[in-house]
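Engineer: For the numbering used here, add 64 to where a residue sits in the sequence shown, where the first one is 1. The beta-carbon is built from N, C-alpha and C at its ideal position, and this holds for glycine as well. Please read these numbers as outputs of a predicted model, since none were measured by experiment. Before anything else, here's the structure in question.
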Amino acid sequence: MIADHPATLSGWGLFNPAQCRLAGPRSLLELTDWLNAPRNGHVIARGLGRSYGDAAVNENHAVADLSALTRVISFDAQTGVLHAEAGLSLLQIIREYLPRGWFPPVTPGTQYVTLGGCVAADVHGKNHHADGSFFAFVDELELWTPARGVLRCSRASEPGLFRASFGGMGLTGVILTVKLRLRRVESAWILGGARRLRDIHHAMDVLDADASPYSVAWIDCQAAGKSAGRSVLLTGQHASAEACRAARKDVFESPAREPVGIPFTGPSWLLNKFTVTLFNTAYYSLQRETENGLQHFAPFFYPLDGVRDWNRLYGKRGFLQYQTVFPGETARAAMPGLIDRLAHSGRASFLAVLKRFGPGNDSPLSFPFAGYTLALDIPAAPGVEDFFRELDDWTLRHGGRVYLAKDSLLPPQSFRAMYPRVEEFQDIRRLVDPRGMLSSSLSRRVGLG
Ligand SMILES: Cc1cc2nc3c(=O)[nH]c(=O)nc-3n(C[C@H](O)[C@H](O)[C@H](O)COP(=O)(O)OP(=O)(O)OC[C@H]3O[C@@H](n4cnc5c(N)ncnc54)[C@H](O)[C@@H]3O)c2cc1C
65 MIADHPATLS
75 GWGLFNPAQC
85 RLAGPRSLLE
95 LTDWLNAPRN
105 GHVIARGLGR
115 SYGDAAVNEN
125 HAVADLSALT
135 RVISFDAQTG
145 VLHAEAGLSL
155 LQIIREYLPR
165 GWFPPVTPGT
175 QYVTLGGCVA
185 ADVHGKNHHA
195 DGSFFAFVDE
205 LELWTPARGV
215 LRCSRASEPG
225 LFRASFGGMG
235 LTGVILTVKL
245 RLRRVESAWI
255 LGGARRLRDI
265 HHAMDVLDAD
275 ASPYSVAWID
285 CQAAGKSAGR
295 SVLLTGQHAS
305 AEACRAARKD
315 VFESPAREPV
325 GIPFTGPSWL
335 LNKFTVTLFN
345 TAYYSLQRET
355 ENGLQHFAPF
365 FYPLDGVRDW
375 NRLYGKRGFL
385 QYQTVFPGET
395 ARAAMPGLID
405 RLAHSGRASF
415 LAVLKRFGPG
425 NDSPLSFPFA
435 GYTLALDIPA
445 APGVEDFFRE
455 LDDWTLRHGG
465 RVYLAKDSLL
475 PPQSFRAMYP
485 RVEEFQDIRR
495 LVDPRGMLSS
505 SLSRRVGLG
């Protein structure tokens, strides 16, 4: 049987690294043997560690790294249904299946995520308003559970456990395999446009009216007063092969180059209010407005993947993300207030992203619901905990909630108020894990045990 070893782990934000015991199985058999071995402590699964906080961290307990479990079990070239081990990444899926005309139906802003991580966080993309979250495209999961062994679950079999696993942050079981329906596409290109929007109200109005399958607004959070929330809106759809050929593009062109790396961890002052303001002002002012231009899928979906380890630019203390969603009814009051709080806090958000969400699904801890979501990256400077409490209060007051895959600080009482179906989730969990073997630093912090 494989052995685990001590390792210091953190999330993508590099905030609060913790001592864990890490196991790296090379096969499903090695993984299940290791999971079935008697142990006293807790266990949580980890994919590529792209959740920002402590969701895939288990201080003083065990972490199963599934990133080597990337075997494709089957692929149906008629329906696009891919059955694969949960460690397979979206990057690997795109490399293999895009040249054959298939693309992930929902993708977060990085390809360096595993199928298991996408299910556990029930990830959303720039098309949530049109297509929903990852849940909508998954037909079946194989789940290892402490009390009932390996279970096959779907909408027809073990439906409660199936649903709870989306957004369940690894607490309903270790996902072994996933059956995902890929999307048929004609090219590797996106037909879309860019448009400057003068403030947050303008941004929400335009997002509301826009019919593109993919849309996102990059907000300049340093702009204050009348320009607060000014942004650049990017919209798009998968381009037809004909449009690519007309523009003399290689229809399934692969990304031009490997990402450049950051060779060292930056000093903590690198991303300060001054440099961030400079970057945001330049990004807003230099953005060319376009309509119906062709852009390769990689910079459109994954602009940050162009720089490997960009998280190290934040320095040793790391950074945190605050992603919140507000319902449509309160968003117009809540968003300007949130941006205003950030502007007056003296803190800089290098990246701020606004998206529209369509209706949520029936998974008790799935994050998205109809409204608008804003994500802010904030350096881990002194006082950040108090600032996040202030943002939590604002979020709660406007009926919003925080995304667990991005979270590092949410306290239990706020978590419960934001996720009213916690007890339903816990009831499902108790059926498969009555002793609470599956637990992470995040689950203990937010009071999920
Ligand atoms: C640059 C960037 C952009 C992002 N953009 C978006 C976005 O647009 N939309 C969005 O929704 N998210 C976004 N994210 C967050 C990311 O998609 C999620 O955190 C995702 O869960 C990360 O996948 P991972 O494989 O790295 O999982 P990890 O970070 O390793 O783990 C995340 C959670 O999944 C659980 N998990 C992982 N594998 C398994 C498994 N096999 N079985 C059971 N549980 C498992 C872990 O226990 C943990 O709770 C972004 C992250 C980054 C770094």
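Which same chain residues, not among the five before or five after S251, have their C-beta less than 8 Å away from its C-beta?
Structural biologist: Translated into the one-based positions of the sequence shown, residue 251 becomes position 187. Excluding positions up to five away in sequence, the list reads H302, A303, S304, A305, A307, C308, K313, V315, F316.
Engineer: Is P172 near ligand 1, judged by its Cβ being under 6 Å from some heavy atom?
Structural biologist: Taking the first residue of the sequence shown as 1, we reach residue 172 at position 108. Yes; taking the cut-off as 6 Å, the Cβ of P172 has a heavy atom of ligand 1 nearer than that.
Engineer: Around ligand 2, which residues pass a check of Cβ closer than 5 Å to any of its heavy atoms?
Structural biologist: Among the ligands in the structure shown, ligand 2 does not appear; only ligand 1 can be found there.
Engineer: Where DSSP assigns a beta bridge to Q83, which residues make up the other side?
Structural biologist: Here residue 83 refers to the residue found at position 19 of the sequence shown. Q83 pairs with T72.
Engineer: According to DSSP, which residues form a beta bridge with R26?
Structural biologist: One cannot answer for residue 26 here, as it falls past the ends of the chain, which runs 65 to 513.
Engineer: Whole angstroms are fine: how far does the CA of F139 sit from the CA of L146?
Structural biologist: By 1-based counting over the sequence shown, the position of residue 146 is 82. By 1-based counting over the sequence shown, the position of residue 139 is 75. Looking at the two C-alpha atoms, the distance is approximately 5 Å.
Engineer: With C-beta atoms as the reference, is G113 less than 7 Å away from S430?
Structural biologist: On the sequence shown, residue 113 is found 49 positions in, with the first residue counted as 1. On the sequence shown, residue 430 is found 366 positions in, with the first residue counted as 1. In this structure, S430 does not lie closer than 7 Å to G113 by Cβ.
Engineer: For L384, which option in A439, I283, A267, D203 has the closest C-alpha, if you only look at C-alpha atoms?
Structural biologist: If you number the sequence shown from 1, residue 384 lands on position 320. Answer by Cα proximity: A439.
Engineer: Report all residues from its chain with a CB closer than 7 Å to the CB of P81; omit the five preceding and five following residues, and keep chain order.
Structural biologist: In the sequence shown, counting from the first residue as 1, residue 81 sits at position 17. Answer for P81: T72, L73, S74, listed in chain order.
Engineer: From which residue to which residue does the beta strand (DSSP E) around A258 run?
Structural biologist: Residue numbering aside, residue 258 sits at position 194 when the sequence shown is read from its first letter. Residues 253-261.
Engineer: What is the DSSP secondary structure of I157, counted as helix, strand or coil?
Structural biologist: Here the question's residue 157 lines up with position 93 in the sequence shown. In this structure, I157 counts as helix in the three-state DSSP scheme.
Engineer: What residue does the beta strand (DSSP E) around D441 start on, and which one ends it?
Structural biologist: Position 377 of the sequence shown, counting from 1, holds the residue named residue 441. Segment 435-443, the beta strand (DSSP E) holding D441.
Engineer: Taking the straight line between their C-alpha atoms, what separation do you get for G518 and A469?
Structural biologist: Absent from the model: residue 518. The displayed extent of the chain is 65 to 513, so no value can be given.
Engineer: Can you tell which of A119, V183, D274 has the C-alpha that lies nearest to the C-alpha of L261?
Structural biologist: Indexing the sequence shown from 1 puts residue 261 at position 197. For the set A119, V183, D274, the Cα lying nearest the Cα of L261 is the one of D274.
Engineer: Alpha carbon to alpha carbon, how far is W282 from F365? Give it in angstroms, no decimals.
Structural biologist: Residue mapping note: residue 365 aligns to position 301 of the sequence shown, counting from 1. Residue mapping note: residue 282 aligns to position 218 of the sequence shown, counting from 1. Straight-line Cα distance between these residues: approximately 13 Å.
Engineer: Do you know offhand how far T209's Cα is from T143's?
Structural biologist: Walking along the sequence shown from the start, residue 209 turns up at place 145. Walking along the sequence shown from the start, residue 143 turns up at place 79. The alpha-carbon atoms of T209 and T143 are separated by roughly 30 Å.
Engineer: Under DSSP, the beta strand (DSSP E) around T354 begins and ends at which residues?
Structural biologist: For the purposes of this step, residue 354 is taken as the residue at position 290 of the sequence shown. It spans 354-360 - the beta strand (DSSP E) in which T354 sits, taken as one unbroken run.
Engineer: A211 and D497 look like a contact to me (Cβ under 8 Å); what is the Cβ gap, rounded to whole Å?
Structural biologist: Within the sequence shown, numbered from 1, the residue matching residue 211 stands at position 147. Within the sequence shown, numbered from 1, the residue matching residue 497 stands at position 433. The Cβ separation is near 6 Å, so the contact holds.
Engineer: State the CB to CB distance for the pair L506 and D118, rounded to an integer number of angstroms; the pair is presumed to be in contact (CB under 8 Å).
Structural biologist: One-based indexing of the sequence shown puts residue 506 at position 442. One-based indexing of the sequence shown puts residue 118 at position 54. Contact holds; Cβ gap of about 5 Å.
Engineer: So, under 8 Å CB-CB, D263 and S291 are touching, yes? Tell me the CB distance rounded to an integer number of Å.
Structural biologist: Sequence index remark: in the sequence shown, residue 263 carries index 199 (1-based). Sequence index remark: in the sequence shown, residue 291 carries index 227 (1-based). Indeed, because the Cβ distance is near 6 Å, the residues count as touching under 8 Å.
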